[in-house]
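Working notes for the structure below.
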Amino acid sequence: MIVKNSRAQKAAAQNTASLLVEALPYIRRFRGKIVVVKYGGNALNGAAGGGADGERGAGAAGAALASFAQDVVLMRAVGILPVVVHGGGPQIGALMARLGKEAEFRDGLRVTDAETLDIARMVLVGKVNRDIVSAINVHGPLAVGMSGEDANLITAAQSHVDLGFVGHVSEVDPTMLRRLVAEGIIPVVATIGADEAGQAYNINADTVAGALAEALHAEKLIFLTDVEGLRVVPDDPTTLIHQASLDVVAEILRGGGAVGGMKPKIEACAQAVRGGVDRAHILDGRVPHALLLELFTDSGVGTMVLP
14 MIVKNSRAQK
24 AAAQNTASLL
34 VEALPYIRRF
44 RGKIVVVKYG
54 GNALNGAAGG
64 GADGERGAGA
74 AGAALASFAQ
84 DVVLMRAVGI
94 LPVVVHGGGP
104 QIGALMARLG
114 KEAEFRDGLR
124 VTDAETLDIA
134 RMVLVGKVNR
144 DIVSAINVHG
154 PLAVGMSGED
164 ANLITAAQSH
174 VDLGFVGHVS
184 EVDPTMLRRL
194 VAEGIIPVVA
204 TIGADEAGQA
214 YNINADTVAG
224 ALAEALHAEK
234 LIFLTDVEGL
244 RVVPDDPTTL
254 IHQASLDVVA
264 EILRGGGAVG
274 GMKPKIEACA
284 QAVRGGVDRA
294 HILDGRVPHA
304 LLLELFTDSG
314 VGTMVLP
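So the number in the numbering used here is just where the residue sits in the sequence shown, counting from 1, plus 13.
Pasting the structure below:
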């Protein structure tokens, strides 16, 4: 029996071929280059917030994570060297609520006492990190999980005494990351760091991603979050910017255009680009394969920050 492809099937095949041709120069350009990808806790949740029940939300989160893992594995397959950094704020908040512990925030940062630090470490290192590593390793033995405490990757210092065990990055030693990347491994980094005395601190994942990208001399720094990019007016989607120079970013920050969780992302983008990272991007991680669309197509899907 002879089976003929329909017109729709032929059109789909031609579209796929066109996309591959469009991607080719980008694959050549980025081959052998390090790309730091920050996968936010909100992006990890996928469309979970819109579900009618927890089971539906968990399914959406699983689908979002599986899609992200496919993107990262494809990047590695074509010779790009991804380093994944992840957050987990919503997941930390959810466990705190289950344990009957009320979260307190000051200037957008979670006040972290000793108990909250233990919860953050359990969630980030023991849950979120393992989920991401497992999703990637479905496709082969590709990913290894670690935290900033491992191999002195991130030396932290206390941000402010009123915030408790909330830290900032004081030093990065990328030696272990470089070894893993050289072996073809995808490092997945949880953003817990420690000071010289071994005291652990929870650190803003956006800040860590920017610091790692700068230390690794990455080609790109990419943030996957739950908004489509940088807006001049935060509440107005029509003011989305697809490209922004450092001067434009500075003006937006001065004018209060970056609020809430967007502010540390924009600051990290600007710092990384000033520090030698070629480009920084902010994408909506809820869009299927947003990472590939930004890397391998002419139009892209988010905001790109450039010098």
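Where a beta carbon is used, it is the ideal one built from N, C-alpha and C, also for glycine.
- For residue 93, the closest of 128, 107, 43 by C-alpha to C-alpha distance is 43.
- Here the alpha carbon of residue 205 sits roughly 28 Å from the alpha carbon of residue 262.
- By the C-beta density criterion, residue 23 is exposed, having fewer than 16 other C-beta atoms within 10 angstroms.
- Take the alpha-carbon of residue 138 and the one of residue 305: they are about 26 Å apart.
- According to the DSSP assignment, residue 252 belongs to no beta strand (DSSP E), since it is labelled neither H nor E.
- Secondary structure at residue 119: strand, using DSSP grouped into helix, strand and coil.
- Here DSSP, grouped into helix, strand and coil, assigns residue 220 to helix.
- Secondary structure at residue 178: coil, using DSSP grouped into helix, strand and coil.
- Assigned with DSSP and collapsed to three states, residue 306 falls in helix.
- By the Cβ-count criterion, residue 38 is exposed, with fewer than 16 other Cβ atoms from all chains shown falling within 10 Å of its own Cβ.
- Close CB contacts of residue 168 within its chain, under the 6 Å cut and outside five residues either way in sequence, are with 183, 184 (chain order).
- Excluding five sequence positions before and after residue 89, the CB atoms of its chain that fall closer than 8 Å to its own CB belong to 95, 155, 197, 199, given in chain order.
- Residue 43 is bridged by DSSP to nothing; it lacks a bridge partner.
- Its chain contains 148 as the residues whose beta carbon lies nearer than 7 Å to that of residue 79, once the 5 sequence neighbours on both sides are disregarded; these appear in chain order.
- For residue 135, no alpha helix (DSSP H) encloses it, and the DSSP letter there is neither H nor E.
- Distances from the alpha-carbon of residue 145 to those of 50, 127, 316 put 50 closest.
- Distance from the CA of residue 239 to the CA of residue 53, rounded to the nearest whole angstrom, comes to 8 Å.
- Counting the other CB atoms within 10 Å of its CB gives residue 31 a total below 16, which places it among the exposed residues.
- Annotated three-state conformation of residue 155 is coil, per DSSP.
- Ranked by Cα distance from residue 158, the options 173, 287, 140, 152 are led by 140.
- For residue 143, the closest C-alpha among the options 166, 97, 215 is that of 97.
- In terms of Cα proximity to residue 170, the closest of 208, 187, 41, 106 is 208.
- Contact between residue 202 and residue 172 fails: their C-beta atoms lie close to 19 Å from each other, not under 8 Å.
- The alpha-carbon separation between residue 268 and residue 260 amounts to approximately 12 Å.
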